[in-house]
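Below: the structure, in structure tokens.
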Amino acid sequence: MFEATLQKASTLKKVIEAIKDLVTDGNIEVSETGMNLQAMDSSHVSLVSLVLHTDMFEHFRCDRNVTLGINLPNFAKILKCSGNDDSVTLKAQDDGENLAIVFESEGQERVSEFELKLMDIDAESLGIPDQDYNTNVKMSSAEFQRIVRDMTVLGDTCSIGCTKEGVKFSVSGDLGQGNITLRQTNSVDKEEEAVTIEMDEPVELNFALRYLGFFTKASPLCPRVTISMSPDVPIVVAYNVGGEKDTEGAGSLSFYLAPKIDE
Amino acid sequence: QQQQPKISSFFNKK
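In the order they appear, the protein sequences are chains S and A. Read in order, the letters of the first sequence are residues -10 to 252 in this note's numbering. Read in order, the letters of the second sequence are residues 8 to 21 in this note's numbering.
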């Protein structure tokens, strides 16, 4: 059987909220190392990879690997029933048909029990190579969300260009064009707002704003986002889960999107 | 005109 308790139900709630609009059904693979979910959106344009290591759980027991086929919007509906400071326990029997979800308030005076029906999901799994990227930009996740939203006003494709000086987001559409440049700033008052750029060569790639917009729904998870790019390969937009700022969290939520190419 | 490649064309199937 599988049983795991997360001290903050809100973390799981934010994770599922972040992906439920992009991916409807997904398999959460549970093993002794933790919980993982990999899924593509319905048009197979982007990929979500969620990794929750056992370290981030208060209690984690998994006797045998289990696959939990989950309808994410429905899971999100149940997670919304948790209180802000509740813990959450997930339980599933081997080959069980349901996922039990139990919320407990801090003083354990309120216990809520739910069951979510599991599904058989036929999803293909992809091997994501562990690669170094030409450019890694770390910035405020709220700022990235705002830029993507602002770019969407003007068009559907955004160019992200990066040099040592800064990162430039550009868009053009029927009503005009716009761009926003963020300069590399290591010495700002608020550490969370710093823009740091590690890069080998300047790079500029074009991305569909619709998908970047989906990715930024993960902003409440972490004040910082890491954007990694290399020529002709998918961009990675990554958020730490259950960690602080830039430090490695005990989990991560990464989104992959291929750059647009000229026909 | 730009084309959107599928993500599956970048990663190998497991």
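For each residue, glycine too, the CB sits at the ideal point set by N, CA and C.
Residues of chain A with a Cβ closer than 9 Å to the Cβ of residue 88 (chain S) do not exist, since the nearest Cβ in that chain sits about 24 Å away. Residue 137 (chain S): member of the alpha helix (DSSP H) spanning 130 to 141, first to last residue.
Here residue 79 (chain S) is near residue 90 (chain S), since their CB atoms are less than 7 Å apart.
The beta carbon of residue 12 (chain S) does not come within 7 Å of any beta carbon belonging to chain A, so the residue lies off that interface.
Counted as a single uninterrupted DSSP element, the beta strand (DSSP E) harbouring residue -7 (chain S) occupies residues -9 to -5.
For residue 197 (chain S), the residues of chain A that pass the 7 Å Cβ criterion are 11, in the order they occur in the chain.
Under the criterion of beta carbons closer than 8 Å, residue 134 (chain S) and residue 208 (chain S) qualify as touching, at roughly 5 Å. Around the beta carbon of residue 250 (chain S), a 10 Å sphere encloses fewer than 16 other beta carbons of the protein chains shown; the residue is thus reported as exposed. Contact check for residue 46 (chain S) against residue 71 (chain S) fails: the beta carbons are separated by 7 Å or more. Around residue 251 (chain S), the beta-carbon contacts reaching into chain A at under 9 Å are 8, 9 and 10. Distance from the CA of residue 161 (chain S) to the CA of residue 40 (chain S), rounded to the nearest whole angstrom, comes to 36 Å. A distance below 6 Å between beta-carbons, with the five flanking residues on each side excluded, links residue 26 (chain S) to the following residues of its chain, in chain order: 15, 17 and 39. For residue 187 (chain S), the closest alpha carbon among the candidates S:65, S:127 and S:100 is that of S:127. Sequence-distant Cβ neighbours of residue 107 (chain S) in its own chain, meaning closer than 8 Å and more than five residues away, are 57, 58, 59, 81, 85, 86, 87 and 88.
Closer than 7 Å to the CB of residue 115 (chain S) there is at least one CB belonging to chain A. From the beta-carbon of residue 161 (chain S), no residue of chain A is found nearer than 9 Å; the closest lies around 12 Å away. Within the model, the alpha-carbon separation for residue 246 (chain S) versus residue 54 (chain S) is close to 29 Å. For residue 36 (chain S), the nearest CB of chain A lies under 7 Å from its own CB, placing it at the interface with that chain.
The beta-carbon of residue 223 (chain S) is placed less than 7 Å from the nearest beta-carbon of chain A. If you check the CB distance, residue 206 (chain S) and residue 7 (chain S) come in under 7 Å.
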